[in-house]
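Q: This is the structure I want to talk about, given as C-alpha cells.
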Amino acid sequence: GIFPSYYEPWGYTPAECTVLGIPSLTSNLSGFGCFIQEHVADPMSYGIYIVDRRYKSAEDSIQQLAQYMFDFACLSRRQRIIQRNRTERLSDLLDWKNLGIYYRKARQLALHRLRPEIMEEDMESVRVRYPRPFSEPPTPSTSRGASPTSSRATSDDEDDDSDEHSDGHDSDAEQQILSAPEGN
1 GIFPSYYEPW
11 GYTPAECTVL
21 GIPSLTSNLS
31 GFGCFIQEHV
41 ADPMSYGIYI
51 VDRRYKSAED
61 SIQQLAQYMF
71 DFACLSRRQR
81 IIQRNRTERL
91 SDLLDWKNLG
101 IYYRKARQLA
111 LHRLRPEIME
121 EDMESVRVRY
131 PRPFSEPPTP
141 STSRGASPTS
151 SRATSDDEDD
161 DSDEHSDGHD
171 SDAEQQILSA
181 PEGN
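So, in C-alpha cells, the structure goes:
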C-alpha cells in the first residue's frame with residue numbers, strides 16, 4: 001500500500017497492511033511512520049518504506065517516493081515473498097496487547113491531568129503486566145497439581161510465591177482510573 005500522508009495522527013491503513021503482510025509506504029509525518037521508526041531498527045527490511053517528508057524538501061520527498069516504488073517493482077518474486085513474510089512478523093508489534101498499553105497510559109495521563117485527586121500514586125509506579133501467551137507451556141509449579149506425585153518436596157507457601165505478582169488484580173488507583181467512564 002502507498003500512503004505518503006502529509007499528516008495522519010496514526011494511520012490505520014498501513015498498520016492493517018502490515019498485519020496482513022503487505023509491504024507499505026508511509027511518511028514520517030504519520031503516527032504509524034513515527035511509531036515504526038521508533039520501534040523497528042531497519043523498517044525497509046521489514047517492508048515498511050518511510051518517506052522523509054519532515055526534513056526533506058517536497059522535491060526530495062517525491063524523488064524518494066519514486067525511488068522506493070521503483071526499487072520495490074524491481075524485486076524478484078522470491079524477494080517479494082521474503083519481504084511479505086518479514087512484514088507480517090511485525091503484526092505482534094501492532095497487536096492490541098502491545099498498542100493497548102500506550103492507549104491506557106495516555107488515558108491515565110489525561111485522567112490524571114483532569115482529576116489528579118483520583119490517582120495519588122506516581123504514574124510510573126503503575127505496572128502493566130502482559131498475560132502469559134497461550135502457546136507457552138505451563139511452568140512446573142503450575143502443572144505440579146496435575147502430577148500424581150510432586151517432583152520435589154515443597155511447602156504450600158512456596159507455591160504462592162510464583163503467583164504473587166501475576167494475580168491479575170490492579171491497584172486501587174489504577175482500577176479507579178480504568179473504570180472511570182471515558183466520556184468524562
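Numbering (the UniProt record's numbering), first residue to last: 1 to 184.
All C-beta atoms in this analysis are idealised placements derived from N, C-alpha and C, irrespective of residue type, glycine included.
(1) Around the Cβ of TYR49, are there at least 16 other Cβ atoms within 10 angstroms (buried) or fewer (exposed)?
(2) Could you give the DSSP three-state label for VAL19: helix, strand or coil?
(3) By DSSP, does GLY11 sit in helix, in strand, or in coil?
(4) Select from ASN28, THR18, TRP10 the residue whose C-alpha is nearest the C-alpha of TYR55.
(5) Would you list the residues sitting across from VAL51 in a DSSP beta bridge?
(6) Count the other CB atoms within 10 Å of the CB of ILE118; is the residue buried (16 or more) or exposed (fewer)?
(7) Look at the Cβ atom of THR18, then the Cβ atom of LEU90, and state whether they are nearer than 7 Å.
(8) Does the stretch 99-111 come close enough to the stretch 71-82 to have 3 or more Cβ pairs within less than 8 Å?
(9) What is the residue span of the alpha helix (DSSP H) that ILE82 lies within?
(10) Taking ASP42 as the reference, which of ARG107, GLN108, ARG86 has the closest Cα?
(11) Beta-carbon within less than 6 Å of TYR7's beta-carbon, same chain only, minus the 5 sequence neighbours each way: which residues are those?
(12) Can you give the beta carbon distance from LEU25 to LEU75, rounded, assuming they're within the 8 Å contact cut?
(13) Tell me whether ILE62, by its Cβ, gets closer than 6 Å to a heavy atom of the ligand MG.
A: This is what the structure gives:
(1) Here residue 49 refers to the residue found at position 49 when the sequence shown is read from its first residue. With 16 or more Cβ atoms within 10 Å of its Cβ, TYR49 is classed as buried.
(2) Position 19 of the sequence shown, counted from the first residue, corresponds to residue 19. DSSP places VAL19 within a helical segment (H, G or I) once states are collapsed to three.
(3) For the purposes of this step, residue 11 is identified with residue 11 of the sequence shown, where counting begins at 1. For GLY11, the secondary structure class from DSSP, reduced to helix, strand or coil, is coil.
(4) As a first step, residue 55 must be located in the sequence shown, where it is residue number 55. Per the Cα distances, ASN28.
(5) If you number the sequence shown from 1, residue 51 lands on position 51. Its beta-bridge partners are SER27.
(6) Working through the sequence shown from its first residue, we reach residue 118 at position 118. Under the 10 Å beta carbon count, ILE118 is surrounded by fewer than 16 other beta carbons and is classified as exposed.
(7) Residue numbering aside, residue 18 sits at position 18 when the sequence shown is read from its first letter. Residue numbering aside, residue 90 sits at position 90 when the sequence shown is read from its first letter. Taking 7 Å as the Cβ cut-off, THR18 and LEU90 qualify as a contacting pair.
(8) No, because fewer than three Cβ pairs between the stretch 99-111 and the stretch 71-82 fall closer than 8 Å, the two stretches do not touch.
(9) Translated into positions along the sequence shown, residue 82 becomes position 82. Unbroken alpha helix (DSSP H) run through ILE82: 77-89.
(10) What you label residue 42 is simply residue 42 of the sequence shown in a count that begins at 1. Selected option, being the one with the closest Cα: ARG86.
(11) One-based indexing of the sequence shown puts residue 7 at position 7. Result list for TYR7: LEU29, in chain order.
(12) As a position in the sequence shown, residue 25 is number 25, starting the count at 1. As a position in the sequence shown, residue 75 is number 75, starting the count at 1. 13 Å between Cβ atoms; not a contact.
(13) Although the ligand MG was asked about, the structure shown includes no ligands whatsoever.
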